[in-house]
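A.B. asks: Taking the numbering used here, the leading residue of the sequence shown gets 6, the next gets one more, and so forth. All residues carry an ideal CB built from backbone N, CA and C; glycine is no exception. For clarity, every value in this text was computed on a predicted model and none was experimentally measured. Okay, here's the structure, questions in a sec.
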Amino acid sequence: MNVTVASPPVPVRTATGGDATALYVLSAPFMRSGELRVRTLADYRGRATDFLIAPDPRPGPPAGCVALRPLAPEPGHPAAGLLYNLCVHPGHQGTGVGSRLLAALLDRATDRGLRTVYAASTGSAAFFLRTGFREVPAALAPAGWTATLDPARGSRVYRHDLPPAAGPGRTLS
Numbered sequence: 006m007n008v009t010v011a012s013p014p015v016p017v018r019t020a021t022g023g024d025a026t027a028l029y030v031l032s033a034p035f036m037r038s039g040e041l042r043v044r045t046l047a048d049y050r051g052r053a054t055d056f057l058i059a060p061d062p063r064p065g066p067p068a069g070c071v072a073l074r075p076l077a078p079e080p081g082h083p084a085a086g087l088l089y090n091l092c093v094h095p096g097h098q099g100t101g102v103g104s105r106l107l108a109a110l111l112d113r114a115t116d117r118g119l120r121t122v123y124a125a126s127t128g129s130a131a132f133f134l135r136t137g138f139r140e141v142p143a144a145l146a147p148a149g150w151t152a153t154l155d156p157a158r159g160s161r162v163y164r165h166d167l168p169p170a171a172g173p174g175r176t177l178s
């Protein structure tokens with residue numbers, strides 16, 4: 006008889022200012038390869054609480070991280086956020102870390118009343134497409150954000166629509 010034992014869920018927590026160096030160390034190889042936009046350690050210190058971290062029980066950088074930043078409201082766009090800096094340490098890729106981080110980020114976005122999450126990618130974006138994002142023309146995304154995209158990077162824009170958050174006394178079907 007074969008018995009499958011489910012592995013424990015990947016823990017995810019909100020980063021703190023004390024995690025900035027670990028976030029930078031994890032992200033640095035992805036910045037060097039061009040997969041992530043270049044950010045400084047000061048950038049990570051200033052925005053540490055945007056991040057969710059999947060800790061690695063071993064010493065060293067986290068297993069993965071992702072960040073969510075609310076976008077400025079714009080006419081014609083529901084409350085939106087930006088998913089950025091999604092990266093998973095190569096030793097943890099294919100283990101569910103990225104999926105768990107994304108699920109936690111989408112939960113956080115819904116809890117904050119956001120209706121849409123945008124992301125940009127210079128790669129294949131297969132992960133985004135597989136997890137409910139769809140590619141959209143940049144002209145259909147909030148202009149305040151798309152104006153910050155570097156045209157030389159050739160980023161494509163992805164959108165994930167979220168369900169409304171359940172409020173007190175109401176349930177979602």
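According to the neighbour-count rule (16 or more other Cβ atoms, all chains shown, within 10 Å of its Cβ), is Ser32 buried or exposed?
C.D. replies: Locating residue 32 in the sequence shown gives position 27, counting from the first residue. Ser32 should be labelled buried.
A.B. asks: Could you say which of Ala131, Pro168, Phe133, Gly159 lies nearest to Ala143 if we only look at CA atoms?
C.D. replies: Locating residue 143 in the sequence shown gives position 138, where the first residue counts as 1. It is Gly159.
A.B. asks: Going by beta carbon distance, what residues of the same chain come within less than 7 Å of Ser126, once the five residues before and after it are set aside?
C.D. replies: Locating residue 126 in the sequence shown gives position 121, where the first residue counts as 1. Closer than 7 Å at Cβ, skipping near neighbours: Phe133, Ser160, Arg161, Tyr163.
A.B. asks: Quick check on Phe138: does DSSP put it in helix, strand or coil?
C.D. replies: Sequence index remark: in the sequence shown, residue 138 carries index 133 (1-based). Reduced to three states, the DSSP call for Phe138 is coil.
A.B. asks: Is Thr26 helix, strand or coil by DSSP?
C.D. replies: Locating residue 26 in the sequence shown gives position 21, counting from the first residue. Note: Thr26 maps to helix in three-state DSSP.
A.B. asks: Tell me the rounded alpha-carbon separation between Tyr123 and Ala130.
C.D. replies: Position 118 of the sequence shown, counting from 1, holds the residue named residue 123. Position 125 of the sequence shown, counting from 1, holds the residue named residue 130. One C-alpha to the other measures close to 13 Å.
A.B. asks: Let's see if you can read the secondary structure: which residues bound the alpha helix (DSSP H) around Val102?
C.D. replies: For this step, residue 102 is matched to residue 97 along the sequence shown. Unbroken alpha helix (DSSP H) run through Val102: 102-116.
A.B. asks: Taking only three categories from DSSP, how would you classify Arg158?
C.D. replies: In the sequence shown, the residue the question calls residue 158 occupies position 153. Helix.
A.B. asks: Would you kindly work out how many angstroms separate the C-alpha atoms of Leu167 and Gly101, rounded to a whole number?
C.D. replies: Counting from 1 along the sequence shown, the entry for residue 167 is found at position 162. Counting from 1 along the sequence shown, the entry for residue 101 is found at position 96. Near 21 Å, if we compare the C-alpha coordinates of Gly101 and Leu167.
A.B. asks: To the nearest angstrom, how far is the alpha carbon of Asp66 from that of Pro95?
C.D. replies: Your numbering for residue 66 matches position 61 in the sequence shown. Your numbering for residue 95 matches position 90 in the sequence shown. Note on identity: in this sequence residue 66 is Pro, with Asp being the wrong assignment. Each residue's alpha carbon lies about 11 Å from the other.
A.B. asks: Taking C-alpha atoms, which residue in Ala84, Val43, Gly86, Arg105 lies nearest to Val93?
C.D. replies: The sequence position of residue 93 within the sequence shown is 88, counting from 1. Ranking the options by Cα distance to Val93, first place goes to Arg105.
A.B. asks: Any idea what DSSP makes of Pro78, helix, strand or coil?
C.D. replies: Here residue 78 refers to the residue found at position 73 when the sequence shown is read from its first residue. Three-state DSSP puts Pro78 in coil, outside helix and strand.
A.B. asks: Quick one: any contact between the segment 111-120 and the segment 73-89, if contact means 3 or more CB pairs under 8 Å?
C.D. replies: Judged by Cβ distances under 8 Å, the segment 111-120 makes contact with the segment 73-89, as three or more pairs qualify.
A.B. asks: Does the Cβ of Asp155 have 16 or more other Cβ atoms within 10 Å, making it buried, or fewer, making it exposed?
C.D. replies: Along the sequence shown, one-based indexing puts residue 155 at 150. It is exposed - the Cβ of Asp155 has fewer than 16 other Cβ atoms within 10 Å.
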